[in-house]
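Take a look at the structure set out below.
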Amino acid sequence: MPRSSRSPLLLAGLLATAGVAHFAAPRSFDATIPKALPGRPRTWTYASGAVELALAAGLAVPKTRRTAALATAAFFVGVFPANVKMAVDWRDRPAPQKAAALGRLPLQLPLVLWARGVARNAEGQA
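As numbered in this note's numbering, the sequence shown has no gaps in its residue numbers, which increase by one up to the final residue, 422.
Below is the structure:
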């Protein structure tokens, strides 16, 4: 399988893993939910996990891949505030944890670009 064919499946796997983690260990995700959002953090944790699972499924199917990839790029932009909150909240944690939280911030850009690339490569597929 060529690398370009594996890319959407790898992205789907990343999203599926993250989605399952939201349900398996929700407490760690609850802490990243910005307080400005209405409702309970756990609701947002489960909702974002469900969205990640739905996006993963959409990426895995060639017919829905382009739309799912564009939605994935938007999702990665939309969850950026949670990553910022985590970095701010973890500023007093031990260096490895602080580095992990800060490292997530610049990782959002390659994730967005990856999703856009999947969408671009999916054009014309059915």
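Glycine residues also receive a C-beta, built at the ideal position from the N, C-alpha and C atoms.
Exercise. Please state whether DSSP places residue 416 in a helix, a strand or coil.
Key: Sequence index remark: in the sequence shown, residue 416 carries index 120 (1-based). Reduced to three states, the DSSP call for residue 416 is helix.
Quiz prompt | Beta-carbon spacing of residue 322, residue 339 below 7 Å | solution = On the sequence shown, residue 322 is found 26 positions in, with the first residue counted as 1. On the sequence shown, residue 339 is found 43 positions in, with the first residue counted as 1. No. Outside cutoff.
Exercise. Return yes when the Cβ of residue 411 is within less than 7 Å of the Cβ of residue 343, no when it is not.
Key: Here residue 343 refers to the residue found at position 47 of the sequence shown. Here residue 411 refers to the residue found at position 115 of the sequence shown. No, these two residues do not count as a Cβ contact at 7 Å.
Self-check item: Distance CB(residue 361)-CB(residue 304) smaller than 7 Å
Solution: Here residue 361 is taken as the residue at index 65 of the sequence shown, counted from 1. Here residue 304 is taken as the residue at index 8 of the sequence shown, counted from 1. Taking 7 Å as the Cβ cut-off, residue 361 and residue 304 qualify as a contacting pair.
Exercise. Rank 332, 394, 352 and 363 by C-alpha distance to the C-alpha of residue 418 and give the top, closest one.
Key: On the sequence shown, residue 418 is found 122 positions in, with the first residue counted as 1. Among 332, 394, 352 and 363, the Cα nearest to that of residue 418 is on 363.
Quiz prompt | Three-state secondary structure (DSSP) of residue 313 | solution = Locating residue 313 in the sequence shown gives position 17, counting from the first residue. If DSSP states are grouped into helix, strand and coil, residue 313 belongs with the helices.
Practice problem: For residue 400, count neighbouring Cβ atoms within 10 angstroms of its own Cβ and tell me buried if that reaches 16, exposed if not. | Solution: Position 104 of the sequence shown, counted from the first residue, corresponds to residue 400. So residue 400 ends up on the buried side.
Self-check item: Nearest to residue 376 (by Cα), restricted to the options 402, 358 and 351
Solution: By 1-based counting over the sequence shown, the position of residue 376 is 80. Here the closest residue by C-alpha is 402.
Quiz item: In chain order, what residues of the same chain have a beta carbon less than 6 Å from the beta carbon of residue 394, not counting five sequence neighbours either side?
Solution: Residue 394 sits at position 98 when you count from the first residue of the sequence shown. Closer than 6 Å at the Cβ level, and outside the excluded window around residue 394, lie 386.
Exercise. Rounded to whole angstroms, what's the CA-CA distance from residue 389 to residue 381? Just pull it up for me.
Key: Locating residue 389 in the sequence shown gives position 93, counting from the first residue. Locating residue 381 in the sequence shown gives position 85, counting from the first residue. Going from the Cα of residue 389 to the Cα of residue 381 covers about 14 Å.
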